[in-house]
Amino acid sequence: MALRRSGGVRRRTAAALTGVCLATIAAAGCSNDDPAPDLQSAVDLEAVDLAATVDDAYSFTYPLYELARHRWNALETADGTTSTTLNTFAHSRSLAGPDDTWANAPSLDVLYSTAWLDLAAGPVHLDTPDTGDRFSVLTLIDFYSNTFFYAGERTTGTQAQRYFVVAPDWQGDAPADATLVRATTNDVYVNLRVQTAGPADEAATNAVQDGFRFTPTTPVSGDGTGRVRPVADDPENYLDVVNQMLALDPPPAEEQGLLDRFRAVGVCGSECSWDELSEDVKDVWRTEFPGLGRYFERLAGDGRSSGWIDYSPPGNLLGTTEQKDYDLRAYSLATGGGMLGMSREEANYWITFTGSDDQPLLGSRDYTLHLPPGGIPSAAFWSITLYEVRDTGQFPTPNPVDRYVISSETEGLVTNPDGGIDITIRAAAPDTSGTNWLPSPADGTPFILFARSYIPESSVLAGDYTMPPVTPA
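Its first residue numbered 260, the sequence shown is counted upward by one per residue in my numbering.
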């Protein structure tokens with residue numbers, strides 16, 4: 260488990276620690292005349308390292324805040340890229356290009372669709388179409404960022420199906436024509452990926468997207484009435500949001516003990532609030548809060564092999580009884596992977612910033628990536644995508660042939676006599692094998708490479724496959 264116990268210090272400041280525990284007890288005011296104990300009197304604050312507890316409470320609740328933020332932006336913003344209403348998909352109808360900055364390092368193999376469910380209002384029907392030979396996967400993700408259901412080629416097949424999605428405590432039977440799916444939180448984030456071969460294939464891809472539909476069983480009265488609006492860089496707002504979300508979407512029973520511990524710093528659900536905290540505990544939040552998100556950066560760069568980082572999305576493992584690494588779960592959300600995360604059986608990702616010489620990848624240099632026969636082992640398909648690095652994130656780089664990805668689906672891809680594939684990475688077009696050319700930034704700026712394997716084969720899952728290095732010319 261990644262959470263630290265009392266005394267397990269990440270970083271400390273004199274302002275946060277000096278005398279804070281005893282001062283908090285004094286401020287709690289637990290006299291015999293009080294009609295009810297203060298919220299913080301339920302725990303022994305003298306034995307609590309408050310700064311460590313704030314840090315751990317933040318890691319544990321970060322998914323609730325981040326998903327609440329994205330939900331608010333989707334349901335309460337009329338003209339956003341993902342704006343929609345409850346139980347209704349917002350479809351991306353074309354692949355992202357250099358000017359599209361709504362998503363960081365977007366996949367250029369699939370078109371995305373997103374939706375939001377509030378199952379406390381009642382169950383919803385989910386209809387999926389026959390997708391034929393086209394890869395697609397729909398994931399249902401709870402508000403702790405755990406993917407609890409997959410519909411697609413690997414798990415449920417490609418034929419048309421109907422599901423009946425219900426809240427965790429819903430009682431009853433699914434209709435005879437539907438398969439019951441029980442969510443793990445009342446609020447659910449939905450992500451759909453549908454494979455596309457590029458601009459010429461987008462109309463056909465859009466038709467498949469339209470075949471995925473939600474139908475509520477009860478009328479929808481509103482999309483967010485009563486929800487606290489998330490505000491950045493505000494610890495008071497953070498507590499307001501996560502306490503509301505803890506009440507709406509309680510954690511699993513085995514994690515309730517964490518809330519008993521976090522009560523000391525005002526995180527426990529409807530019984531906790533910023534206003535009822537002592538000033539000393541508020542000061543700990545104010546001191547710790549600016550650096551909490553940056554702490555996750557320590558996790559970046561772990562697990563390098565031949566320059567590549569296995570960046571496989573955490574899927575439904577992090578934060579569960581199988582793998583209680585709340586820091587890594589929060590990091591995956593902070594870097595954009597967790598909210599869309601799938602299990603490694605569904606997709607495996609790698610990322611590299613450097614060549615085989617351990618130097619940053621630059622548009623001013625030429626490189627070659629040699630893939631083995633068949634490319635990256637995948638039952639569905641694989642891809643290599645290049646993103647230029649900007650101050651605001653990583654995005655497709657402009658180039659004269661509008662090519663940002665090379666994949667197993669690329670028409671005319673040239674293979675070597677043994678079936679291997681050489682991908683040329685450079686700013687200027689090569690003299691030969693233009694189809695194997697992946698353009699890098701013309702102005703020489705840094706770039707990164709993302710490798711993706713959809714439904715990876717057993718060699719990938721077992722860790723026997725290693726991505727080959729990117730070799731400078």
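Ideal placement from N, C-alpha and C gives every residue a C-beta, glycine not left out. If you're wondering where the values come from, they're calculated on a predicted model, not measured in any experiment.
Rounded straight-line distance, which links the Cα of residue j to that of residue i
{"i": "residue 686", "j": "residue 699", "result": "5 Å"}
{"i": "residue 489", "j": "residue 708", "result": "33 Å"}
{"i": "residue 683", "j": "residue 547", "result": "46 Å"}
{"i": "residue 479", "j": "residue 670", "result": "46 Å"}
{"i": "residue 525", "j": "residue 535", "result": "8 Å"}
{"i": "residue 542", "j": "residue 322", "result": "23 Å"}
{"i": "residue 593", "j": "residue 391", "result": "35 Å"}
{"i": "residue 574", "j": "residue 396", "result": "Here residue 574 scores only 47 on pLDDT, less than 50, and its place in the model should not be relied on; the value that follows carries that caveat. If you take the alpha carbons of residue 574 and residue 396, they lie about 13 Å apart."}
{"i": "residue 668", "j": "residue 729", "result": "21 Å"}
{"i": "residue 276", "j": "residue 538", "result": "Residue confidence is low: residue 276 scores 28 on pLDDT, short of 50, so the model does not pin down where it sits. Its coordinate-derived value is still stated next. Roughly 13 Å separates the two Cα atoms."}
{"i": "residue 416", "j": "residue 605", "result": "13 Å"}
{"i": "residue 393", "j": "residue 455", "result": "8 Å"}
{"i": "residue 626", "j": "residue 647", "result": "15 Å"}
{"i": "residue 513", "j": "residue 519", "result": "12 Å"}
{"i": "residue 590", "j": "residue 362", "result": "17 Å"}
{"i": "residue 762", "j": "residue 570", "result": "Outside the displayed range of the chain (260 to 732) lies residue 762, so it cannot be described from this structure."}
{"i": "residue 629", "j": "residue 466", "result": "36 Å"}
{"i": "residue 332", "j": "residue 324", "result": "12 Å"}
{"i": "residue 380", "j": "residue 506", "result": "15 Å"}
{"i": "residue 712", "j": "residue 567", "result": "14 Å"}
Opening and closing residue of the alpha helix (DSSP H) in which residue i lies
{"i": "residue 406", "result": "Residue 406 -> not in any alpha helix (DSSP H); beta strand (DSSP E) instead, spanning 406–411."}
{"i": "residue 717", "result": "717–720"}
{"i": "residue 317", "result": "309–335"}
{"i": "residue 667", "result": "No alpha helix (DSSP H) contains residue 667, which DSSP labels as neither H nor E."}
{"i": "residue 724", "result": "It is not in any alpha helix (DSSP H) - residue 724 carries neither H nor E in the DSSP assignment."}
{"i": "residue 518", "result": "515–521"}
{"i": "residue 586", "result": "585–593"}
Extent of the continuous beta strand (DSSP E) to which residue i belongs
{"i": "residue 683", "result": "680–685"}
{"i": "residue 385", "result": "383–387"}
{"i": "residue 395", "result": "395–401"}
{"i": "residue 372", "result": "369–377"}
{"i": "residue 626", "result": "626–630"}
{"i": "residue 606", "result": "606–611"}
{"i": "residue 690", "result": "Looking at the DSSP string, residue 690 is not in any beta strand (DSSP E), and its letter there is neither H nor E."}
{"i": "residue 705", "result": "Looking at the DSSP string, residue 705 is not in any beta strand (DSSP E), and its letter there is neither H nor E."}
{"i": "residue 567", "result": "567–569"}
{"i": "residue 698", "result": "696–698"}
Proximity below 7 Å, CB of residue i to CB of residue j
{"i": "residue 318", "j": "residue 497", "result": "no"}
{"i": "residue 382", "j": "residue 444", "result": "no"}
{"i": "residue 387", "j": "residue 450", "result": "no"}
{"i": "residue 441", "j": "residue 453", "result": "no"}
{"i": "residue 313", "j": "residue 533", "result": "no"}
{"i": "residue 710", "j": "residue 643", "result": "yes"}
{"i": "residue 458", "j": "residue 655", "result": "no"}
{"i": "residue 679", "j": "residue 636", "result": "no"}
{"i": "residue 521", "j": "residue 316", "result": "yes"}
{"i": "residue 422", "j": "residue 367", "result": "no"}
{"i": "residue 402", "j": "residue 446", "result": "yes"}
{"i": "residue 718", "j": "residue 724", "result": "yes"}
{"i": "residue 624", "j": "residue 689", "result": "no"}
{"i": "residue 660", "j": "residue 695", "result": "no"}
Cβ of residue i within 7 Å of any chain B Cβ
{"i": "residue 409", "result": "Among the chains of the structure shown, chain B does not appear; only one protein chain is present."}
Please give the ranges of any alpha helix (DSSP H) in the stretch 414–493, keeping only runs that are unbroken, at least 4 residues long and fully inside the region. Correct list: 461–469.
Inter-stretch contact (C-beta, 8 Å, three-pair minimum) for the stretch 427–443 and the stretch 613–623: no
Ignoring anything shorter than 3 residues or poking outside the stretch 633–663, list the beta strand (DSSP E) runs there in chain order. 637–649 and 652–654
Within the chosen definition, does the stretch 459–466 reach the stretch 403–415 through at least 3 CB pairs nearer than 8 Å? no
Using 8 Å as the Cβ pair cut-off and three pairs as the minimum, do the stretch 336–352 and the stretch 366–377 touch? yes
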